[in-house]
Each structure stands twice: as structure tokens, then as C-alpha cells.
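Asker: The structure follows.
Protein chains: 2
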Amino acid sequence: MSTFDIRNMGRLRDSVPRAGAPKPSPCSACTVRHLTLCASLEEEELAGMSAIVSAMELAPGDPLFDEGEPANHVFNVTAGAVKVYKLLADGRRQMTGFLFPGDFLGLANEETYAYSAEAVTHTTLCRFPRRKLERLLEQYPKMERRLLGMASHELAVAQEQMLLLGRKTAREKIASFLLMLSRRAVQRGQNGDPVGVPMSRNDIADYLGLTTETVSRTFTQLKQKGAINLLPGGKVELADRPRMEEIAEGE
Amino acid sequence: MSTFDIRNMGRLRDSVPRAGAPKPSPCSACTVRHLTLCASLEEEELAGMSAIVSAMELAPGDPLFDEGEPANHVFNVTAGAVKVYKLLADGRRQMTGFLFPGDFLGLANEETYAYSAEAVTHTTLCRFPRRKLERLLEQYPKMERRLLGMASHELAVAQEQMLLLGRKTAREKIASFLLMLSRRAVQRGQNGDPVGVPMSRNDIADYLGLTTETVSRTFTQLKQKGAINLLPGGKVELADRPRMEEIAEGE
DNA sequence: AAAAGTCGTTGATTTATGTCAAGGAATTGG
DNA sequence: CCAATTCCTTGACATAAATCAACGACTTTT
């Protein structure tokens, strides 16, 4: 699953519990660069990024940051998967996104993070000190433009998710979710049909505004109808993709 | 309610059905400038904006644009209220936001709008051709930075809304909604306590992922508990604001 | 001014999804 | 390798909110 060169981060995982210690990393060799903020960069700008970046590594369940913490860093996922979520006082949780290689997180307008983030699987990230990145953005407007484009895209994705949360049925939600995972896997150059579903039923439930039980039942139901197949290793085959697309759009 | 100088747009409403014809407008006199993208501008940049902007006016229910249309313009609300929404094939609708004076809409990463927009009340807007605005952004990085800040803020708001849609009860949703309207009214310098609620029950329902009936019943219930009062003219008094805050956070 | 719509409210009933409970499968830890 | 968790699934039951229906208050049209 990992496409990231980890030669430079051998022993990082030792420093527990809150994330591994950063270490300098050569961006020019980055295998997910084309997917992300760094895609727009010339050699010179890339050198600027290299100078401020550090690599980190997280084990499943490791927190990256919590809502309300000072937003001192932004991150780029290079391998694995990260979940971001918000909590209510009584513990109800809403996942606001799952992040995969090439995805960016930590962008904050305020001084603190608006959500919490934690690793789903074993994950590697690039970490940028926010202040330093901002200084870089001032030097290279092209990076700022790229960032604005990414934020606009995130906004469109968020609106799609509101439509899902507010108006779709459980079945439509699950179908939409699996198709989304599949499309994003393809975008990263991974296999889109038996699609990897690395997160737990409970995580999925909290992403879709459902309960674990309903997620589980709905998977079973889609399987019985021949729309999907549950494969070992947390993979799902989209046995009848056209049907899934219809279900997802509520037709 | 309107704080916008409409001297220059007298007869615009004549040109129906899709929005009024644009006309040049002097930004320096804009009364909502401090709230919006234009807040960061020097005289020179403001002149650039003035050169490409045109004013428009919409009657209640007038469409501004539809999802999928070429995204040729971006807009700034100067008076009134606009609703933005997405639809499913069978007509189910999810409101993704209500926009008030100072709010910006139409920002799109793709070539087409990701949602539809239409006037809630009688509304005035500033309209910018997207291409020309982009050229201006290249000249004035400060504007781009401001726009990125606004997009980041929108993203945080969207995540809050996902929490609401996925995890809050009807009562919590209504309480959150009224408090949000109240806070935003204060931000614009309007009265935050008897708060104006210009949209219909049905619009509110589609914003909160509920039905009209549930919205209506929940208003009644909050009134009976003494948390709010329904005043004539679509105003709501937050009779027990601390209680409302508690309800909104699920305590 | 009557007719025809909208809009908001309330009541009766249904239903999709949540809650509670239990057992099996898979994974982790000693 | 076995014990202990955690995760997933399924069943029985409960419930918040949806649906269906009716009506009065306004608005708009004719």
C-alpha cells in the first residue's frame, strides 16, 4: 500500500506516544508529489519546501492533533490513511473526512485546529511548520494559488457530503461511500475495483451519520443483492458498479 | 434590512427572468466592504475591482445560477439573503448554506458551479467576471491570501454543519441554527436577539436535513419550554440564550 | 371579492434507523 | 498457544422523525 520512500525514517516510531520525531526529507524524490500541493513547484520552490519539511510516522490509532490545539503545523499524507473528526460534549462523533496519500490537512484560518486527526492505518506524513510555510507562500504566489484551488475543491467535496448526510438513505450513503473510496484510489493510481476499505465499521458509521449496526446490515444487504462482495483483508468488490452508481444517486 | 446604496440600480429588476442586468458600481462607497473580500484592498486595488464589478438585484425566488452551469461569475451579497443548495435526481434538496451581506459565492475550482443559488428575500449583489477577477488576483497576492482565508473559514463552517447533519437531534439542529443566524447578524452589525429568520420552514428543513413538519413542531416545542419566542415578521427572540447554547451543544 | 395558492401548524400513523443484546470471527497480548 | 480484546454481524425491540392528512392564516391572481 505504501508508495513512500521510508529510507530516511527508520527508527522514528520509537518516540511515543504523540507522533514520531521529525527528520529532514528530500522532496524531489517524493512519490506522491504530483498529487498534492507540491505538484506546482519548480526546483527552487521545492528546495524551499525541503528546507522546512520533516517526515513523521504514525501507528494505527495514534493522534496527530486534537481540535482546539494551536494549529502550528500542516501536513501532507504520504502513505496510509488518516481520519479527521469533530466531537460533541457527550462523545457523539462526526468524521469529516478520510485522508489518503497526497491529501493535505491542518489548514486553519484560526489559531487552533477546528477538528481532530488520527491515523487509521500505519501512516507517514510530511509536516510543515505553519509560520514557515506561510512565509514560503508569500514568496511563491503559485503555491498560494494551488492551495486556494485545493481549498475550493475541499469545499465542493464538503457540500457533496452535506447532501449525503442530510438527504441520503443508509443504502445510498454506503453506495456513495464505496464509490468515493474507489474513485480516490484510482486517482492515486491504486486499484479501484477491489477497493481497500481500511477503516472500521464504526469509523464508517461516524462518517456517514449512521451506527455500526446499520453499516453492517447495509453491507450485508448490498452483498445479498449482488451489488458488492466482501473480500478478505478489508477489500470490497464493486460487483455491479452501474447499480451502485444508481443507488448512490438515489435513482 | 438593506444597507446597500441602491441609487445606481433603480430599474434593474425589469430584465427578467434570470437576474437583472449589471451596471457599474463605485466600490469605495460600499457599506459592506469591511465584511468581505474587498476588506483587504488599497485604493489602487479597489479601483481594479470597481472596473470589473457590476451590481445586480434579485426578487425572492429568483435563481442566481444552477448547479452544472459554467461558472463565469463570482458574487458578493450586498443586501438581502441567498440560499445555495444541491439536488438529488428525485428532487430531494440539501441546502448547503444561507448567505448574507458580505458573503461571497460562486468560487469554483471546476468549470461549472457545484451548487445552485437563489434569492431568499429581495437581494442585491456585486458580480465579478471570474476570468477578470482571476487576473486581478494574480496582480494582488493580498487578495488571493484573503480569499484563501475566506475559503478556510468556509471549510470550518462546512465541517461544523456536517457534525450537525450527521449527529445532532432535531432540537439541537434548530437551536444551533438560530444561534448561528444570531451570531452572523451580530457580525454584520445587525440585531442578534430578536433575530430575523427570512427563510421558510421548508428552506430551514432542507438546511437541517429535516422535514417542514419537524421544524415547525420543534419551534413550537422550544417556545413551550420558554427557550424562544416567535415574533411577527419572521423574527425569533432567544428568550433563554444560555439554555439554547446548551441545547445546541447537546448537553 | 372570490378563488387558488402558499405557508405554517397540529394530529394520527408509519417506518427507517437506533438501541440493546448476544455470539462468532479476527486480532492482539501475555 | 491460549486469553483477552476488539470488531463484525445478526436478532429483537424502541423511537425519533417521516409521512399522510387536515385546516386556518395569509398572499396572489383573476
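From first to last, the protein sequence lines stand for chains R and E. Counting in the working numbering, the final residue of the first sequence is number 251, and the numbers go up one at a time with none missing. Counting in the working numbering, the final residue of the second sequence is number 1251, and the numbers go up one at a time with none missing. Yeah, the Cβ is synthetic: ideal placement off N, Cα and C, and Gly gets one too.
1. What would DSSP say about A1239(E), mapped onto helix, strand or coil?
2. Within a Cβ cutoff of 8 Å, which residues of the same chain sit near A1039(E), ignoring the five residues on either side of it in sequence?
3. Tell me the DSSP secondary structure of Q94(R) in three-state form.
4. Using the rule of at least 16 other Cβ atoms within 10 Å of the residue's Cβ for burial, across every protein chain shown, is L1231(E) buried or exposed?
5. Using a 10 Å radius around the Cβ and a threshold of 16 neighbouring Cβ atoms, would you call G233(R) buried or exposed?
6. Put P225(R) into one of helix, strand or coil per three-state DSSP.
7. Counting only beta-carbon atoms, is S1152(E) nearer than 9 Å to chain R?
8. Please confirm if M1180(E) has its CB atom under 9 Å from at least one CB of chain R.
9. Using a 10 Å radius around the Cβ and a threshold of 16 neighbouring Cβ atoms, would you call K225(R) buried or exposed?
10. Taking contact to mean at least 3 C-beta pairs separated by less than 8 Å, is the region 63-76 of chain R in contact with the region 98-106 of chain R?
11. Alpha carbon to alpha carbon, how far is P129(R) from M143(R)? Give it in angstroms, no decimals.
12. Going along the region 219-234 of chain R in order, which residues come within less than 9 Å of chain E, judged by CB to CB distance?
13. In angstroms, rounded to a whole number, what distance separates the CA positions of L1282(E) and A1156(E)?
14. Look at the alpha carbon of L37(R) and the alpha carbon of M150(R), and state the distance between them as a whole number of angstroms.
15. At least one CB of chain R closer than 9 Å to the CB of T1096(E): is that the case?
16. With a cut-off of 8 Å on the beta carbons, I'd call L297(R) and R188(R) a contact; round off their distance for me.
17. In this structure, how does DSSP classify L58(R) when only helix, strand and coil are distinguished?
18. Quick test of the definition: if touching needs 3 or more C-beta pairs under 8 Å, does the region 1206-1219 of chain E touch the region 1154-1173 of chain E?
19. Out of curiosity, what's the CA-to-CA distance linking E1110(E) and T1096(E)?
20. For A136(R), which option in L238(R), E249(R), S50(R) has the closest C-alpha, if you only look at C-alpha atoms?
21. For R171(R), decide whether its Cβ has a neighbour in chain E, counting only Cβ atoms nearer than 9 Å.
22. In this structure, does DSSP put K1168(E) in helix, strand or coil?
23. Between the region 61-71 of chain R and the region 113-120 of chain R, are three or more C-beta pairs nearer than 8 Å?
24. Span of the alpha helix (DSSP H) holding E44(R)?
25. Using a Cβ-Cβ distance cut-off of 9 Å, determine whether E1138(E) contacts chain R.
26. Ends of the alpha helix (DSSP H) at L263(R)?
27. Considering only their Cβ atoms, is the gap separating I228(R) from V215(R) smaller than 9 Å?
28. Buried or exposed: which applies to T218(R), given that a residue is buried once 16 or more other Cβ atoms fall within 10 Å of its Cβ?
29. Can you find the residues in the same chain that come closer than 6 Å, C-beta to C-beta, to V1195(E), ignoring five residues on each side of it along the sequence?
30. Short check: CB of A1079(E) to CB of H1122(E), under 9 Å?
31. If you follow the alpha helix (DSSP H) that E1138(E) is part of, which residue opens it and which one closes it?
32. Taking the alpha-carbon of S1200(E) as reference, which of C1030(E), A1029(E), P1060(E) has the nearest alpha-carbon?
33. Taking the C-alpha atoms as reference points, what is the distance between G166(R) and E57(R)?
34. What's the gap between the Cα of Q159(R) and the Cα of L1179(E)?
35. Terminal residues of the continuous beta strand (DSSP E) containing A1079(E)?
36. So, is the C-beta of L1249(E) closer than 9 Å to a C-beta in chain R?
Answerer: This is what the structure gives:
1. coil
2. R1033, R1146
3. strand
4. exposed
5. exposed
6. The sequence as given places Lys at residue 225(R); Pro does not occur at that position. K225(R): coil per DSSP, three-state reduction.
7. yes
8. no
9. exposed
10. yes
11. 16 Å
12. none
13. Any answer about residue 1282(E) is impossible in this case: the structure gives chain E only from 1001 up to 1251.
14. 8 Å
15. yes
16. The requested residue 297(R) is not part of the displayed model; chain R covers only 1 to 251.
17. strand
18. yes
19. 18 Å
20. In the sequence on display, residue 136(R) carries Leu and not Ala. The candidate whose alpha carbon is nearest that of L136(R) is S50(R).
21. no
22. coil
23. yes
24. 43-52
25. yes
26. Coverage of chain R is limited to positions 1 through 251, which leaves residue 263(R) absent and any answer about it impossible.
27. no
28. buried
29. L1181, S1182, A1185, V1236
30. yes
31. 1130-1139
32. P1060(E)
33. 35 Å
34. 21 Å
35. 1073-1079
36. A small fix is needed here, since residue 1249(E) is Glu in this sequence, not Leu. Output row for E1249(E): interface = yes.
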